[in-house]
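**Student:**
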Amino acid sequence: MLLKQIKYLCNISVSCNRAGKGLPESIHLLACRKNRNMSTAGKMVATGVCRSDDHVVSGNVVTPLPVIAGHEAAGIVESIGEGVTTVKPGDKVIPLFTPQCGKCNVCKHPEGNFCAKNECSSSPSTDPHVASGEELSEVGSRVTPGSTCAVFGLGGVGLSVVMGCKAAGAARIIGVDINKDKYAKAKQVGATECISPQDFKKPIHEVLKEMSGGGVDFSFEVVGQLDTMEAALVSCHEAYGVSVIVGVPPDSQNLSMNPMLLLSGRTWKGAVFGGFKSKDSVPKLVTELMAKKFSLDPLITHVLPFEKINEALKHCSAEMKLHMLVTMNPNDQSHSSLYTKEDSPLLRKRIRVPQS
Numbered sequence: 001m002l003l004k005q006i007k008y009l010c011n012i013s014v015s016c017n018r019a020g021k022g023l024p025e026s027i028h029l030l031a032c033r034k035n036r037n038m039s040t041a042g043k044m045v046a047t048g049v050c051r052s053d054d055h056v057v058s059g060n061v062v063t064p065l066p067v068i069a070g071h072e073a074a075g076i077v078e079s080i081g082e083g084v085t086t087v088k089p090g091d092k093v094i095p096l097f098t099p100q101c102g103k104c105n106v107c108k109h110p111e112g113n114f115c116a117k118n119e120c121s122s123s124p125s126t127d128p129h130v131a132s133g134e135e136l137s138e139v140g141s142r143v144t145p146g147s148t149c150a151v152f153g154l155g156g157v158g159l160s161v162v163m164g165c166k167a168a169g170a171a172r173i174i175g176v177d178i179n180k181d182k183y184a185k186a187k188q189v190g191a192t193e194c195i196s197p198q199d200f201k202k203p204i205h206e207v208l209k210e211m212s213g214g215g216v217d218f219s220f221e222v223v224g225q226l227d228t229m230e231a232a233l234v235s236c237h238e239a240y241g242v243s244v245i246v247g248v249p250p251d252s253q254n255l256s257m258n259p260m261l262l263l264s265g266r267t268w269k270g271a272v273f274g275g276f277k278s279k280d281s282v283p284k285l286v287t288e289l290m291a292k293k294f295s296l297d298p299l300i301t302h303v304l305p306f307e308k309i310n311e312a313l314k315h316c317s318a319e320m321k322l323h324m325l326v327t328m329n330p331n332d333q334s335h336s337s338l339y340t341k342e343d344s345p346l347l348r349k350r351i352r353v354p355q356s
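See the structure below:
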């Protein structure tokens, strides 16, 4: 969320004031203006912290500073401005960093979800929130039953993709990661097998082609590295394979590839927010979650209080690639209650905010 939005959305935040790469974030209290027309203010009770946030703090994604990081929040509406009719004070909400105005060409297009009114991107060509953890439903809807999928990167988002492939009925889901400690959890959520590129003398795309009889049907790159993006593409079947870029690469890097890889019939595409039209899709996903059609517990490795935000970011570094849940209540470590119980103590906890 950029600084221009702070004045009417945030009371308490993490602000990044970076003079060089990797400097820690700091906590500030920010006074909010009264609600403007069509605006809403609320108290945040928890937020996810993932690799996308690490990209912003480390400088891998160019972002104007200061900035309020974070794009996976849950909160409660406190006040609304004139014209707001869809929420009221007291409602439990999920703020959406990708809007859906319903009026622009993108929103009207059946395949588009990157609304033209998106104000969260740090520049016209860059959006720091591409790799969020909500890929599992929409990614899955594009995977065909009985297909073979390869998922490069088994962090929180990669596991979400695995879950989506399983929900879509994929027959084989091959996880690819050099960290074998992630294999057990990947198999828990749906991976049929896991492999490490370091265990083979040949390139990983050749290994996957041999395993799948010529190439996988779908591949997903969830690492954010150029070499794995190309490997994921080449691992697809040359005649009909589809490769999806989900991971966020550093801003300064550009891909160079042989166009013949696409001429034979492969498809190479990207996914912002998992392809969701946010206002339409997220409520459906929440309904499925509340009905226990899937669980988010395997995706969360740590639950930390807000004061330990820098520890959470450290855990989400490129080396560890874990997924944190940061709560505004340091005494509550039961993240399941956040989204499974209407009387959640976490949701009842109020945040202290500056008085106007």
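Note that full-length UniProt numbering gives residue 203 to position 203 of the sequence shown, counting from 1, and the numbers run on in steps of one. Heads up, the beta-carbon is just placed ideally off N, CA and C, and yes, glycines get one too.
(1) From which residue to which residue does the alpha helix (DSSP H) around P283 run?
(2) If you run the structure through DSSP and keep just helix, strand and coil, what is I204?
(3) Taking one C-beta from the segment 251-266 and one from the segment 225-238 each time, how about it: are there three or more such pairs within less than 8 Å?
(4) Could you spell out where the alpha helix (DSSP H) holding R51 opens and where it closes?
(5) Along the chain, which unbroken stretches of the alpha helix (DSSP H) at least 4 residues long are found entirely within the UniProt domain "Alcohol dehydrogenase-like C-terminal" (156-287)?
(6) Between the segment 264-272 and the segment 235-247, can you find at least three pairs of beta-carbon atoms closer than 8 Å?
(7) Excluding five sequence neighbours on each side, which residues of the same chain lie with their C-beta closer than 6 Å to the C-beta of C242?
(8) Comparing C-alpha positions only, which one of R142, A171, A271 and G70 sits nearest to V222?
(9) Take V45 as the anchor and find which of F306, H315 and G112 has the nearest alpha-carbon.
(10) Spatial neighbours of T148 within its chain, please: C-beta separation below 6 Å, excluding the five flanking residues on both sides.
(11) Which residues mark the beginning and the end of the beta strand (DSSP E) in which V151 is found?
(12) Leaving aside the five residues before and after D280 along the sequence, list all residues of the same chain whose C-beta is less than 8 Å from its C-beta, in chain order.
(13) Hey, how far is the Cα of A318 from the Cα of E82?
(14) Tell me, which residues are paired with P305 by DSSP?
(15) Along the chain, where does the beta strand (DSSP E) containing V62 start, and where does it finish?
(16) Does DSSP put A312 in a helix, in a strand, or in coil?
(17) Out of D91, E72 and G70, which has the shortest C-alpha to C-alpha gap to I80?
(18) For A116, which residues from the same chain have a beta carbon less than 6 Å from its beta carbon, with the 5 sequence-adjacent residues on both sides left out?
**Tutor:** In short, the structure shows the following:
(1) Walking along the sequence shown from the start, residue 283 turns up at place 283. That run of the alpha helix (DSSP H) goes S278 to M290.
(2) Counted from its first residue, the sequence shown places residue 204 at position 204. Of the three classes helix, strand and coil, the one that applies to I204 here is helix, per DSSP.
(3) yes
(4) As a working note, residue 51 is residue 51 in the sequence shown. R51 to S58 is the span of the alpha helix (DSSP H), which, as asked, contains R51.
(5) 156-167, 183-189, 204-212, 226-235 and 260-263
(6) yes
(7) The sequence position of residue 242 within the sequence shown is 242, counting from 1. The question names Cys, but residue 242 is Val in the sequence shown. Only F218 and T267 meet the Cβ criterion.
(8) As a position in the sequence shown, residue 222 is number 222, starting the count at 1. For V222, the nearest C-alpha among the options comes from A271.
(9) Taking the sequence shown and counting its residues from 1, the one referred to as residue 45 is at position 45. The candidate whose alpha carbon is nearest that of V45 is F306.
(10) Within the sequence shown, numbered from 1, the residue matching residue 148 stands at position 148. Contacts found: R172, S212, V216 and D217.
(11) Here residue 151 corresponds to residue number 151 of the sequence shown, with the count starting at 1. Unbroken beta strand (DSSP E) run through V151: T148 to F152.
(12) In the sequence shown, counting from the first residue as 1, residue 280 sits at position 280. So the list reads Q100, once near-sequence residues are dropped.
(13) Mapped onto the sequence shown, residue 318 falls at position 318. Mapped onto the sequence shown, residue 82 falls at position 82. Because A318 sits at a pLDDT of 49, beneath the cut-off of 50, its placement in the model cannot be relied upon, and the point is left open.
(14) On the sequence shown, residue 305 is found 305 positions in, with the first residue counted as 1. Partner(s): T327.
(15) On the sequence shown, position 62 is the one that residue 62 refers to. No beta strand (DSSP E) contains V62, which DSSP labels as neither H nor E.
(16) Mapped onto the sequence shown, residue 312 falls at position 312. Helix at A312.
(17) Locating residue 80 in the sequence shown gives position 80, counting from the first residue. The residue with the shortest Cα to Cα distance from I80 is D91.
(18) Numbered from its first residue, the sequence shown carries residue 116 at position 116. The residues are C104 and V106.
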